[in-house]
Amino acid sequence: MPKDLRTYLEQLERDKPEAVLRIKKPMKAAYEITALQRKLDAMKKYPVIIVERPILDDGTESAFPVVTNLTASRDLCAQILDIDPHRVAMQYAAKVSHKVDPVVVPREDAPVKQVVETGDQVNLLKFPILTHNYMDPGPYIGTGFVTTTDPESGIDNTCLQRIWVKSPRRTGLWPAVTSHTMNNLRSWWNRGEGMPVAVWIGHHPAAVAGAQSRLGYPESHYPSVGGVLGEPLRLVSSETFGSDLMVPADAEMVIEGYVPKEVFEAEGPFGEYPGYIGPQRPSNVIEVSCVTYRKDAIYHGIGVGLADHLVLLGNFPMEARIYSVVKSVLPELMNVYVPISGRRNHVYVQVKKTRPGIGKEAIMATLPCDSRLKHVIVVDEDIDLFNESDILWSIAYRSQWDKDLVMVKGAAVFPLDPSLPSPGNIGTRGGIDATMPPPIGNGLPRFYQMVNKTPDDVASAIDVEDYVDLDKANGYPGSY
Ligand SMILES: Cc1cc2nc3c(=O)[nH]c(=O)nc-3n(C[C@H](O)[C@H](O)[C@H](O)COP(=O)(O)O)c2cc1C
38 MPKDLRTYLE QLERDKPEAV LRIKKPMKAA YEITALQRKL DAMKKYPVII VERPILDDGT
98 ESAFPVVTNL TASRDLCAQI LDIDPHRVAM QYAAKVSHKV DPVVVPREDA PVKQVVETGD
158 QVNLLKFPIL THNYMDPGPY IGTGFVTTTD PESGIDNTCL QRIWVKSPRR TGLWPAVTSH
218 TMNNLRSWWN RGEGMPVAVW IGHHPAAVAG AQSRLGYPES HYPSVGGVLG EPLRLVSSET
278 FGSDLMVPAD AEMVIEGYVP KEVFEAEGPF GEYPGYIGPQ RPSNVIEVSC VTYRKDAIYH
338 GIGVGLADHL VLLGNFPMEA RIYSVVKSVL PELMNVYVPI SGRRNHVYVQ VKKTRPGIGK
398 EAIMATLPCD SRLKHVIVVD EDIDLFNESD ILWSIAYRSQ WDKDLVMVKG AAVFPLDPSL
458 PSPGNIGTRG GIDATMPPPI GNGLPRFYQM VNKTPDDVAS AIDVEDYVDL DKANGYPGSY
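Shown next, in the form of structure tokens:
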């Protein structure tokens, strides 16, 4: 059986039932599901959430359940990809570079074609599309993989784009100027034509991870989906564009349509991933021609701006990209971590400090890897890269800002940052080299102080369980 969203959910509920929260009570698609997700996020709890009876904006119960928080837990996301959560950078990079070509299946073998609706039959508002934040103008699809083509080469591109469902057959689309979707849009419009588009929703989370990998242009993401999924992605022709635009046969639903030439409408405001409300902007639209879906489609929603949005869909691809690029010029690179706390503005980079200068080289090599990076923090190999207390300790005791800080003023930055002058996308990027000086010569010890520890023989003889009832330990006062 091909891998898809439901094979994943079945396996998870069977093998790890404690990882799934099934909600049988009705919950509104507008705000309520996100509010619950937000409360669990504050508790640092990340179950996959299945809402069986979502309520639509018109007060009726949707025929389709919602799954959300699918990609919120770093451990679960790593498990999906069969990689170590502390070695995502190198192991996910290897997965993405391993390509497995897709296969084409006939229409009758494609579950996503079980229901086909065209023209006036289309009503996107019957799906339980979530409204997330208080200023959002309506429901937004946050897990829509937008597949378009470069009209010159015919090569497809896929990536996540938020999609505001404005009415039954009309949506917004906001491709950033730097996105490959925008390259395709420009090319179609230059030819005087609207851009064909297919938006697919709901697939195995490994397929989702492959589709969101950061690649060159023009380069199809479908072989990377196969590489990460561990089997060829099954494709089927779209209804509107035939084999010119292929879509995943095992998705839960596909929306097809055109992005009409030079049509702009207001889009947003929208609660963005940094945690702030982003501005309203003129943006593109999709005129929907057709929707196809499974009879019992599961709608995949996302916790916008929460870990669900950040971990697998943004930070894993960033870690992999930074690792591949920086490692090629700096073999001393050991690991990379893009923490949720920095919401993509921060990256922690670990190096083996064998000679002076490596920390600064790491900052210089890392910054261009992703336009969203603002601060690079470079640490030594003895630091636990995934423990933010250790990172702050490195900054506190292994850096002198007059010599270790790198600042690049007047750099292009991601505009969703309220510390920027408004309006602005020029700011300061940089980093701090929080690594110790290297040994003063080959074979010589480092000259800095040793780290505190109890004598090894005492430490190994003390067993916490001899003194502490671990069942009660959760109730002990914390230290923060
Ligand atoms: C939930 C989510 C929503 C996103 N929405 C948008 C969007 O509306 N517009 C955009 O340009 N990028 C958006 N992104 C970021 C793109 O998916 C990402 O930059 C991608 O790598 C661009 O790929 P491309 O260059 O192949 O087009 C979103 C990412 C996530 C995880």
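Take any residue in the sequence shown, note its place counting from 1, add 37, and you have its number in the numbering used here.
By construction, the Cβ of each residue, glycine as well, lies at the ideal position given by its N, Cα and C atoms.
Check, Outcome
"Could you check if GLY279 is buried or exposed, using at least 16 other CB atoms within 10 Å of its CB as the buried criterion?", "exposed"
"Does the beta-carbon of ASN424 have 16 or more other beta-carbons within 10 angstroms, so that it is buried, or is it exposed?", "exposed"
"Going by DSSP, what residue range makes up the alpha helix (DSSP H) through GLY264?", "259–266"
"Kindly indicate which three-state DSSP category SER497 falls into: helix, strand or coil?", "helix"
"Express the C-alpha separation of LEU481 and LEU197 in angstroms, rounding to a whole number.", "51 angstroms"
"I need the straight-line Cα distance from ILE60 to LEU73, nearest angstrom please.", "11 angstroms"
"Could you say if the region 201–215 and the region 295–305 meet the contact criterion of at least three C-beta pairs nearer than 8 angstroms?", "yes"
"For PRO376, I'd like the list of residues in its chain whose CB is within less than 7 angstroms of its CB, leaving aside the five on either flank, ordered along the chain.", "HIS383, TYR385 and GLU425"
"Going by the CB atoms, is the gap between PRO260 and ASP138 shorter than 9 angstroms?", "yes"
"Based on the DSSP output, what are the partners of ARG43 in its beta bridges?", "Note: ARG43 sits in no beta bridge, so no partner."
"Can we count CYS196 as close to ligand 1, meaning its CB is less than 8 angstroms from some heavy atom?", "yes"
"Please list, in chain order, all residues of the same chain as ALA213 whose beta carbon is under 7 angstroms from its beta carbon, the five residues on each side excluded.", "MET219"
"Name the residue from LYS390, LYS411 and ILE432 whose alpha carbon lies nearest to the alpha carbon of GLU418.", "LYS390"
"What are the residues that DSSP puts in a beta bridge with MET283?", "SER274"
"Note down the Cα distance separating ILE335 from ARG75, rounded to an integer number of angstroms.", "21 angstroms"
"Using beta-carbon positions only, say whether THR105 and LEU167 come within less than 9 angstroms of one another.", "yes"
"Taking 8 angstroms as the cut-off, is the C-beta of VAL273 nearer than that to any heavy atom in ligand 1?", "no"
"By how many angstroms is the C-alpha of PRO285 removed from the C-alpha of SER274?", "9 angstroms"
"Please indicate yes or no: does the CB of LEU252 lie closer than 8 angstroms to some heavy atom of ligand 1?", "yes"
"Any idea if SER250 is buried or exposed, counting beta-carbon neighbours within 10 angstroms, 16 or more meaning buried?", "buried"
"Tell me whether ALA100 is buried or exposed, calling it buried when 16 or more other Cβ atoms sit within 10 Å of its Cβ.", "exposed"
"Going by beta-carbon coordinates alone, are PRO297 and ASP187 separated by less than 9 angstroms?", "no"
"According to DSSP, is ASP470 helix, strand or coil?", "strand"
"Note down the Cα distance separating ASP500 from ASP493, rounded to an integer number of angstroms.", "13 angstroms"
"Which full runs of the beta strand (DSSP E) of 3+ residues lie inside the region 286–351, going along the chain?", "290–296, 302–304 and 318–330"
"Taking 9 angstroms as the cut-off, decide whether the C-beta atoms of GLY264 and LYS411 are in contact.", "no"
"Using only CA atoms, which one of ALA449, ILE92 and ARG43 lies nearest to THR215?", "ALA449"
"Given that a residue counts as buried once 16 or more other Cβ atoms are within 10 Å of its Cβ, and exposed if not, what is ASP503?", "exposed"
"Using DSSP bridges, identify the partner residues of TYR374.", "TYR385"
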